Structure formats: structure tokens, C-alpha cells
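According to numbering that gives the first Met the number 0, the sequence shown holds residues 0 to 416 in order. Heads up, the beta-carbon is just placed ideally off N, CA and C, and yes, glycines get one too. Computed from a prediction, not measured in an experiment: that's the story for all the values here. First up is the structure itself, then whatever we jot down about it.
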Amino acid sequence: MSASEQYSRNKLMDFIEYRPLDIEICDVTLRDGEQTPGVVFTKEQKLAIASELDSMGVEVIEAGFPVVSANEKEIVKEIAIQGFNSRICCLSRAVKGDVDAALECDVDIVSIFIAMSDLHLKYKYHRSFEEMLGCAKETIEYATDHGLKVRFAAEDASRTPIDRLKKAFKETENEYKVQYVSLADTIGILNPTTTHYLVSEIYKTINTSICIHCHNDLGMATANTLAAAEAGAKQLHTTVNAIGERAGNASLEEVMVALRVQYGIDRYDTTKLTALSRMVSEYSGITPAVNKAVVGQNAFTHESGIHVAAILEEPRTYELFLPEMVGGRRNLVVGKHTGTKALRGIINSIGLCLEREELCALIEKVKVCTEEKHKSISQEQLERLISQVKQEQLERLISQVKQEQKVTEKREEKFSI
Ligand SMILES: [Zn+2]
Numbered sequence: 000m001s002a003s004e005q006y007s008r009n010k011l012m013d014f015i016e017y018r019p020l021d022i023e024i025c026d027v028t029l030r031d032g033e034q035t036p037g038v039v040f041t042k043e044q045k046l047a048i049a050s051e052l053d054s055m056g057v058e059v060i061e062a063g064f065p066v067v068s069a070n071e072k073e074i075v076k077e078i079a080i081q082g083f084n085s086r087i088c089c090l091s092r093a094v095k096g097d098v099d100a101a102l103e104c105d106v107d108i109v110s111i112f113i114a115m116s117d118l119h120l121k122y123k124y125h126r127s128f129e130e131m132l133g134c135a136k137e138t139i140e141y142a143t144d145h146g147l148k149v150r151f152a153a154e155d156a157s158r159t160p161i162d163r164l165k166k167a168f169k170e171t172e173n174e175y176k177v178q179y180v181s182l183a184d185t186i187g188i189l190n191p192t193t194t195h196y197l198v199s200e201i202y203k204t205i206n207t208s209i210c211i212h213c214h215n216d217l218g219m220a221t222a223n224t225l226a227a228a229e230a231g232a233k234q235l236h237t238t239v240n241a242i243g244e245r246a247g248n249a250s251l252e253e254v255m256v257a258l259r260v261q262y263g264i265d266r267y268d269t270t271k272l273t274a275l276s277r278m279v280s281e282y283s284g285i286t287p288a289v290n291k292a293v294v295g296q297n298a299f300t301h302e303s304g305i306h307v308a309a310i311l312e313e314p315r316t317y318e319l320f321l322p323e324m325v326g327g328r329r330n331l332v333v334g335k336h337t338g339t340k341a342l343r344g345i346i347n348s349i350g351l352c353l354e355r356e357e358l359c360a361l362i363e364k365v366k367v368c369t370e371e372k373h374k375s376i377s378q379e380q381l382e383r384l385i386s387q388v389k390q391e392q393l394e395r396l397i398s399q400v401k402q403e404q405k406v407t408e409k410r411e412e413k414f415s416i
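Put into C-alpha cells, the structure is as follows:
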């Protein structure tokens with residue numbers, strides 16, 4: 000099967016004018032993802048996740064926040080020395096001590112962040128914008144003087160006056176060589192239109208690459224991330240299974256698959272997504288919702304008779320992309336909505352074969368069984384019902400033969416008298 004047959008391309012994109020995407024992914028599962036309440040990854044777990052992200056082609060891995068603990072610093076350091084193709088980044092407040100910790104870890108990029116919104120300045124820092132920008136500049140200078148690449152990140156950027164962001168980014172661009180500036184939608188207030196506007200405004204003001212970091216409080220993190228990319232954002236932040244503070248971040252699996260289906264970006268190895276999702280689910284103790292896009296249990300599960308019958312002929316009738324593309328598996332479920340054609344297909348797909356009469360008997364049993372239990376039936380239950388039907392069919396045949404024998408015997412007795 001050719002790659003293009005694995006999914007339907009969104010051809011409506013041909014009618015939309017947008018800047019060709021020039022993007023990279025920075026996955027923040029190991030940092031923002033670990034800030035999910037109750038989640039603590041071990042060193043081995045973080046290394047395993049980082050290794051998978053690297054092998055999929057993720058360009059940047061945010062490994063952690065070294066000043067959080069001595070152990071965290073050790074882990075970031077360990078990830079940084081693995082020799083991954085992915086560049087390794089870590090978080091730092093606008094404090095020189097945090098940059099020292101990043102230097103000890105030997106990371107490629109340090110993400111120095113300050114918030115510049117009125118709310119954060121007044122209630123978190125109790126300082127003015129100028130004071131905070133001064134702290135940021137000092138820290139950026141310190142980091143660049145020590146040879147670190149810097150991302151200057153604006154926390155709560157979506158609630159910061161745009162002129163303030165422009166001033167801060169323009170000044171740091173002029174005074175230091177920051178590699179990136181970052182816009183964080185810390186509380187998930189943006190929608191795709193406002194994200195596009197915000198990124199476009201910054202894009203036309205500066206020459207530095209822009210990062211977008213979206214949260215999912217209104218369920219729009221993935222959409223906002225893609226809108227940012229269309230407006231010129233270079234670095235897209237994601238987490239596996241969309242874990243993260245509160246409602247989480249933009250989901251790696253959704254962003255990666257959308258990049259392929261919507262924009263034709265196919266350089267990432269998406270076949271590892273399902274296994275990585277399971278890994279992070281096990282390590283974090285957070286199972287994605289069954290209807291979670293791409294990796295949820297129902298992402299490739301079909302029960303409706305009409306859908307199953309069509310899928311058996313051509314999966315793309317009811318699947319945007321095939322499970323193989325993301326390392327998943329299709330699951331055809333037998334339930335009260337299953338029709339004869341679909342049921343025959345499902346039975347054939349598990350290597351069994353039924354006569355028409357048997358199939359009709361089976362479908363009756365399936366309907367009774369699912370209505371009694373108020374749920375679909377598993378493959379084992381289906382196989383049990385099939386043996387029941389076959390057994391009953393056999394008994395019916397035997398009794399039919401016996402009946403015919405009796406009739407023949409009676410007829411012979413009559414003639415012999
Ligand atoms: Zn965040």
C-alpha cells in the first residue's frame with residue numbers, strides 16, 4: 000500500500016491561502032507533562048520516552064526543569080549526553096542560578112521564561128514589567144555569554160498586551176542572539192483565529208523564530224497550534240497523550256498526524272505513536288479517553304453495520320487514516336447494530352465461514368445477547384455463539400436425518416406386509 004493510500008488528504012487545503020509551514024516539534028512531555036498533578040517519571044522512564052521521541056524524528060525534547068531537584072538535574076544531564084539527534088532543552092526562570100543548572104546539564108537550549116501580563120506581574124512577581132524584562136535580559140545575557148542557545152519565553156503571552164510582547168521580543172532580539180521567542184497560552188484562552196492574529200503580529204515584528212505553547216482548557220490546543228504554524232510559528236510544543244497542567248497541552252499524536260494529513264509533512268515516524276502513547280499512559284498512570292483522537296481505544300473501533308461493511312471493502316470510507324499509520328489496530332465490534340454483510344466479513348476476517356442459515360441464526364443470537372448485556376460482544380463471545388449455532392445446526396440435521404429414517408422404515412414395513 001502506498002503512503003498516500005494510508006490516509007485521505009484534506010483537499011480543501013488547496014483552496015486556502017496560507018504560508019507554507021516551516022516547523023519543528025518540541026515535545027514537552029518530560030517537563031510540562033510531568034507537571035500533571037500526581038505524575039512523577041523515573042529516570043529510566045524519562046530516558047525511554049526521550050529515546051522514542053528521538054527515534055520518531057522530534058527535533059527538540061524539553062527534558063525538565065533542573066533546579067526542581069538534584070535528581071531532576073541528574074536526569075536532564077543524562078538525557079543530554081545520550082547523543083540523540085533531537086536537541087535537548089530545559090527550563091529556567093530569569094535567575095542566573097537556573098542557568099548555571101542548565102549549564103551543568105550540558106543542554107543545547109535553555110528556555111528562560113518570564114510572565115509579562117498584568118495579572119502575573121501584580122500577583123505573582125509583585126514587580127513592574129520593566130523590572131521583569133530587566134531580569135530576563137540579564138539572565139539571557141548570562142546564558143548567551145556562556146555559550147547556551149536561548150529561548151526567551153513569555154508565559155501567559157495570550158493575556159499580555161501585544162505591544163508589551165513586541166517591545167520585549169524586539170529588544171532582546173536586538174541586544175542578544177536569542178534563538179527563539181516563545182508564546183505560551185498558559186491558561187488556554189486562545190482560539191485558532193486569535194492565535195493566528197497573535198503569531199502574525201509577532202512574526203511581522205521580529206526575525207527570530209517563534210515557538211507556540213498551547214494549553215487545552217477549551218479543547219483547542221491542537222487547533223491553536225496548527226493555526227500558529229500557519230501564521231509562521233516555527234516550533235510547536237506538544238505532549239504525548241496531551242498530558243500537562245489541568246486540561247493538558249497540545250497532543251503530540253494529534254499534531255503529528257494533522258501535519259501529515261492537512262499539510263503533507265511526512266518526515267515523522269508516526270507508526271510509533273500508539274506504542275509511545277501506551278508507554279506514557281503506563282508511566283503516568285493516565286489512560287487517554289476511549290474516544291481520544293489517534294490513540295484512544297475507540298480510534299479504530301467500528302460497530303455500525305453500514306460502517307463495518309464499507310470498511311471491509313475500503314477502510315478509508317470511515318477512517319481518515321489507517322491504524323497502521325500510527326501503529327494501531329482496527330477493532331471491528333459485533334453489537335446490536337451489526338448487519339448480515341458486516342457480520343459475514345468479521346467472521347471471515349477471523350478465518351471462519353458460515354452458511355447463510357447459520358449466519359441468520361447467529362445474528363439473532365448476537366442481538367439477544369447484546370440487548371441483554373447492554374454492550375457489544377467480544378471476539379471470544381462471538382466465537383462461542385458461532386459454536387453454539389454450529390452445534391444447534393448439527394443437532395437439527397441429525398434429528399432431520401433420524402426423522403427421515405423413521406419415515407423410510409415405516410414405508411418399508413408397509414410394503415413388506
Ligand atoms: Zn505549559
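Item	Value
Inter-residue CB distance, V256 and V325 (contact presumed, cutoff 8 Å)	6 Å
Of the listed residues I205, H195 and G344, nearest to L164 (C-alpha basis)	I205
C-beta contact flag for T270 and R259 at 9 Å	no
Reference C25, options A93, Y267 and E411, closest by Cα	Y267
N-terminal and C-terminal residue of the alpha helix (DSSP H) that L235 is part of	Taken as a continuous stretch (DSSP letters only), L235 belongs to no alpha helix (DSSP H), being part of the beta strand (DSSP E) at Q234 to T237.
CA-to-CA distance, G32 to V239, given in whole angstroms	8 Å
heavy atom of ligand 1 below 8 Å from D488 C-beta	The requested residue 488 does not occur in the structure, where the chain is confined to residues 0 to 416.
Straight-line gap, A100 to R30 (C-alpha atoms, nearest Å)	15 Å
Where K452 sits in the DSSP three-state scheme	Past the edges of the chain, shown from 0 to 416, lies residue 452, and the structure says nothing about it.
9 Å Cβ cutoff met for T35 and E244	yes
Boundaries (first-last residue) of the beta strand (DSSP E) holding E61	V59 to G63
Whole-angstrom distance between I87 and A156, CA atom to CA atom	23 Å
Q387 to I211 span [Cα, whole Å]	58 Å
Cβ-heavy atom distance, V27 to ligand 1, below 8 Å	yes
Start and end residues, alpha helix (DSSP H) containing A49	K42 to M55
Through-space distance from P65 to G96, alpha-carbon basis	10 Å
I87, enclosing alpha helix (DSSP H) - first and last residue	It is not in any alpha helix (DSSP H) - I87 instead sits in the beta strand (DSSP E) that spans R86 to R92.
Ligand 1 heavy atom lying under 8 Å from the CB of N240	no
Any non-hydrogen atom of ligand 1 closer than 8 Å to A292 Cβ	no
Residue burial classification, A227 (beta-carbon count within 10 angstroms, cutoff 16)	buried
Terminal residues of the beta strand (DSSP E) in which I24 lies	E23 to D26
Three-state class that DSSP yields for I111 in the structure shown	strand
H145: CB within 8 Å of a non-hydrogen atom of ligand 1	no
Integer-rounded CB distance, given that N248 should sit under 8 Å from N215	6 Å
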